[in-house]
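Engineer: All letters in the sequence shown, in the order written, are residues -27 to -1, 1 to 154 by mature numbering (1 follows the signal peptide of the UniProt record, and there is no 0).
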Amino acid sequence: TTVALKMRSSPFSLLLALGLLLHSAEAAYRHKIEPFSFDINKFEYPLEYAKLGTTVALRDTIKLVPKVRNRYGGLFMSQPIETNQFEVVYKLDIKNDRNTVYERVNNEVVDDIEGVAFWFLNHPPQEVDMSVYFGYKSDFNGVGVFVFKHKGKWRVQSIINQGLSGLTVETAVNNLSKPPL
């Protein structure tokens, strides 16, 4: 018992115990996030991801939409995130040598819009909810973060919506074109 008391009071044993505790916590954390990762080189997608629309796995990338008008694609986690703190890391390449999207919103021309959206929804997405405008319906319930190119400039915009209809990304983008009052 004397040796055990000396080890507990030793600064080395305290550091060792802290190190083991941190390692154990990190391992538990990695275990929770690992199921949501996938190896694109092996075409491995765990069951936690659902591909919707035109999304396809290619050799070294996931292609959400082809260079064709009025298409949508999405890669959604089918399991809810059960934490209030999380991090998303991904590489994004928007490959389009010409800006081909021209729309009319509220009788105004909105051109040059292309990009991607990150959705944090309060409900599971359904195929019927998908849309050609940033991939999802406008009356969503949650948060949408939009990375898009408008009039030659890249922008980031987020919208919080509680299921209200009429709140659209297109209208918000169109308002970027108007001079301030």
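Don't be surprised by glycine CBs; every beta carbon is placed ideally from N, CA and C.
Here the structure is a predicted model, which means the values were calculated and not measured.
When the Cα of G26 is compared with those of E100, N57 and A90, which residue comes out closest?
Structural biologist: Minimum Cα distance to G26 is reached at E100.
Engineer: Can you find the residues in the same chain that come closer than 8 Å, C-beta to C-beta, to S104, ignoring five residues on each side of it along the sequence?
Structural biologist: The residues are Y45, K110 and S111.
Engineer: Return the chain-ordered list of same chain residues with a C-beta closer than 7 Å to the C-beta of V38, the five sequence neighbours on each side being excluded.
Structural biologist: The residues are T27, R44, Y45 and G46.
Engineer: Measuring straight from C-alpha to C-alpha, what distance separates V120 and L48?
Structural biologist: Distance between the alpha carbons of V120 and L48 is about 16 Å.
Engineer: State the Cα-Cα distance for the pair K40 and K64, rounded to the nearest angstrom.
Structural biologist: About 19 Å.
Engineer: Going by the DSSP bridge assignment, what does N114 pair with across the sheet?
Structural biologist: Its beta-bridge partners are Q135.
Engineer: Taking N95 and G115 to be in contact with their CB atoms under 8 Å, please state how far apart those CB atoms are, rounded to whole angstroms.
Structural biologist: Rounded, the Cβ-Cβ distance is 5 Å, consistent with contact.
Engineer: Among T34, W92, G125 and G108, whose alpha-carbon lies nearest the alpha-carbon of S131?
Structural biologist: Of the candidates T34, W92, G125 and G108, the one whose C-alpha sits nearest the C-alpha of S131 is W92.
Engineer: When you compare the CB of P97 with every CB in chain D, is at least one pair closer than 8 Å?
Structural biologist: Any reference to chain D falls outside this structure, which holds one protein chain only.
Engineer: Identify the residues that DSSP records as bridge partners of L48: which are they?
Structural biologist: DSSP lists K24 as partners of L48.
Engineer: With DSSP collapsed to three states, give me the class of E60.
Structural biologist: Of the three classes helix, strand and coil, the one that applies to E60 here is coil, per DSSP.
Engineer: Could you check where the beta strand (DSSP E) with E87 kicks off and where it finishes?
Structural biologist: Residues E87 to L94.
Engineer: Where does N80 land, buried or exposed, given buried means 16+ other C-beta within 10 angstroms?
Structural biologist: Result: exposed.
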